[in-house]
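S.K.:
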């Protein structure tokens, strides 16, 4: 039997693999096949003539004392068909590995960034496949936003969560729920973020419903919140449109924990914030009676997101409940007092 060496060399050149390396891989695969055949000798090797492509199984001849005394041709009669199929399999495997390496090389540096993809026809209900340039990326159900519908041909942006080599080759996993998607969309829409004049300090997100984002300016005179909102609200609306209508609250970050907790509860207005335990990050907040339900939010969403955004456990009371009387309007600075806890900064 013979292997087409000219084709083998052409494949090797296209893969930028040395011909000897490719031949060695085929010899190794063929030896494994031979050892699975009935009557195979324990000590044997595969010999491929690199000029003619002829394949032979050379077995070691052993004397009565188990000493090697030579070799003989032990090529099975049906080995020609097997060798041809094995050579094709090895070449196909090397082609897949080369493609995987290209994907891993091109995409590994894009982990943690936002990419644009086109939804392909769904072949598997467990995930949506996106065509990103010449590559395919998977959007698993766990990374899909509840309520979003992904139709064939839709163009959408997604966050690259992971690029790795799996059992079936290179795997690119993307997400529509990751807070990094929101950050990447704002980076795209807000030049001040690209220029380093505005920083995104923290993000809390319940995908498909609402996101809170805290921003800060790195240069005096720059309005970080205004930059993210944009003229007539165009910038934040562009992000909301990409997120299919998800609500976004943009708040000012503050190194003062009391003020940051108060800002995080926006759009609710806060009467006072007491940091009851700075190390444990516990804060007690008092809000006007008419702002209490707004501070808590529907099903506790506003308070929950504020806790995640600020990193504080937040205990919210109304003025009446706190026995302080009714206070309305915004305060210039929340009171900071050393000392309770209710809403926690966890998912």
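Numbering (this note's numbering), first residue to last: -11 to 335. Backbone N, C-alpha and C fix where the C-beta goes; we use that ideal spot for every residue, glycine too.
Determine the contact status of residue 170 and residue 191, defining contact as a CB-CB distance below 8 angstroms.
M.R.: Numbered from its first residue, the chain shown carries residue 170 at position 182. Numbered from its first residue, the chain shown carries residue 191 at position 203. Against a cut-off of 8 angstroms, the Cβ pair of residue 191 and residue 170 comes out as a contact.
S.K.: Rounding to the nearest angstrom, what Cα-Cα distance links residue 189 and residue 266 in this structure?
M.R.: Counting from 1 along the chain shown, the entry for residue 189 is found at position 201. Counting from 1 along the chain shown, the entry for residue 266 is found at position 278. In a straight line, the C-alpha of residue 189 is about 19 angstroms away from that of residue 266.
S.K.: If you follow the alpha helix (DSSP H) that residue 290 is part of, which residue opens it and which one closes it?
M.R.: Within the chain shown, the letter at position 302 stands for residue 290. Element bounds for residue 290: 289 to 298.
S.K.: Classify residue 167 as helix, strand or coil using the three-state DSSP reduction.
M.R.: On the chain shown, residue 167 is found 179 positions in, with the first residue counted as 1. Here residue 167 sits in helix by DSSP.
S.K.: Between which two residues does the alpha helix (DSSP H) holding residue 184 run?
M.R.: On the chain shown, residue 184 is found 196 positions in, with the first residue counted as 1. First-last for residue 184: undefined, no H or E at that position.
S.K.: Use the C-beta contact count for residue 93: other C-beta atoms within 10 angstroms, 16 or more gives buried, fewer gives exposed.
M.R.: Counted from its first residue, the chain shown places residue 93 at position 105. Exposed, because fewer than 16 other Cβ atoms sit within 10 Å of the Cβ of residue 93.
S.K.: Check this for me: beta carbons of residue 119 and residue 105, under 8 angstroms apart or not?
M.R.: By one-based count along the chain shown, residue 119 stands at place 131. By one-based count along the chain shown, residue 105 stands at place 117. Yes, Cβ-Cβ distance for residue 119 and residue 105 is below 8 angstroms.
S.K.: Taking the C-alpha atoms as reference points, what is the distance between residue 295 and residue 145?
M.R.: For the purposes of this step, residue 295 is taken as residue 307 along the chain shown, with counting starting at 1. For the purposes of this step, residue 145 is taken as residue 157 along the chain shown, with counting starting at 1. Cα to Cα, residue 295 sits roughly 28 angstroms from residue 145.
S.K.: I believe residue 200 touches residue 237 by the beta-carbon criterion, under 8 angstroms. Please report the beta-carbon distance rounded to the nearest angstrom.
M.R.: For this step, residue 200 is matched to residue 212 along the chain shown. For this step, residue 237 is matched to residue 249 along the chain shown. Sure, about 5 angstroms apart at Cβ, within 8 angstroms.
S.K.: Cβ of residue 221 within 8 angstroms of Cβ of residue 206?
M.R.: Start at 1 with the first residue of the chain shown, and residue 221 comes out as number 233. Start at 1 with the first residue of the chain shown, and residue 206 comes out as number 218. Cβ atoms of residue 221 and residue 206: not closer than 8 angstroms.
S.K.: From 43, 131 and 69, pick the residue whose C-alpha is nearest to that of residue 115; which is it?
M.R.: Numbered from its first residue, the chain shown carries residue 115 at position 127. Selected option, being the one with the closest Cα: 131.
S.K.: Taking the runs of the beta strand (DSSP E) that are 3 residues or longer, which of them lie wholly in the stretch 19 to 58?
M.R.: Counting only runs of 3 or more, we get 32 to 36 and 43 to 50.
S.K.: Under the assumption that residue 70 contacts residue 103 (Cβ atoms under 8 angstroms), give the Cβ distance between them as a whole number of angstroms.
M.R.: The sequence position of residue 70 within the chain shown is 82, counting from 1. The sequence position of residue 103 within the chain shown is 115, counting from 1. Contact flag wrong, Cβ pair sits at about 43 angstroms.
S.K.: Is it buried or exposed for residue 57, if we count other Cβ within 10 angstroms and need 16 for buried?
M.R.: Here residue 57 refers to the residue found at position 69 of the chain shown. Exposed.
S.K.: Can the beta-carbon of residue 283 be found closer than 8 angstroms to that of residue 250?
M.R.: Sequence index remark: in the chain shown, residue 283 carries index 295 (1-based). Sequence index remark: in the chain shown, residue 250 carries index 262 (1-based). In this structure, residue 250 does not lie closer than 8 angstroms to residue 283 by Cβ.
S.K.: Secondary structure at residue 242, three-state DSSP: helix, strand or coil?
M.R.: Reading the chain shown from its first residue, position 254 is the one you call residue 242. Residue 242: coil per DSSP, three-state reduction.
S.K.: Between which two residues does the alpha helix (DSSP H) holding residue 114 run?
M.R.: The count along the chain shown starts at 1 and reaches residue 114 at position 126. Segment: none, residue 114 is in no alpha helix (DSSP H) and carries neither H nor E.
S.K.: Would you call residue -2 buried or exposed, if buried means 16 or more other Cβ atoms sit within 10 Å of its Cβ?
M.R.: Position 10 of the chain shown, counted from the first residue, corresponds to residue -2. So residue -2 counts as exposed.
S.K.: Can you grab the Cα-Cα spacing for the pair residue 101 / residue 35, in whole Å?
M.R.: The residue you call residue 101 lines up with position 113 of the chain shown. The residue you call residue 35 lines up with position 47 of the chain shown. If I take the Cα positions, the gap works out to 49 angstroms.
S.K.: Counting along the chain, where does the beta strand (DSSP E) carrying residue 213 start and finish?
M.R.: Indexing the chain shown from 1 puts residue 213 at position 225. From DSSP, residue 213 is part of no beta strand (DSSP E) but of the alpha helix (DSSP H) over 212 to 217.
S.K.: Can you have a look at residue 336 and say buried or exposed, based on whether 16 or more other CB atoms are within 10 angstroms of its CB?
M.R.: Given a span of -11 to 335 for the chain in the structure shown, any question on residue 336 remains unanswerable.
S.K.: When we look at the beta-carbon of residue 182 and count the other beta-carbons within 10 Å, is it buried (16 or more) or exposed?
M.R.: Residue 182 sits at position 194 when you count from the first residue of the chain shown. Exposed, by the Cβ-count rule.
S.K.: Compute the Euclidean distance between the alpha carbons of residue 108 and residue 9, then round it to the nearest angstrom.
M.R.: For this step, residue 108 is matched to residue 120 along the chain shown. For this step, residue 9 is matched to residue 21 along the chain shown. Their backbone Cα atoms lie some 37 angstroms apart in a straight line.
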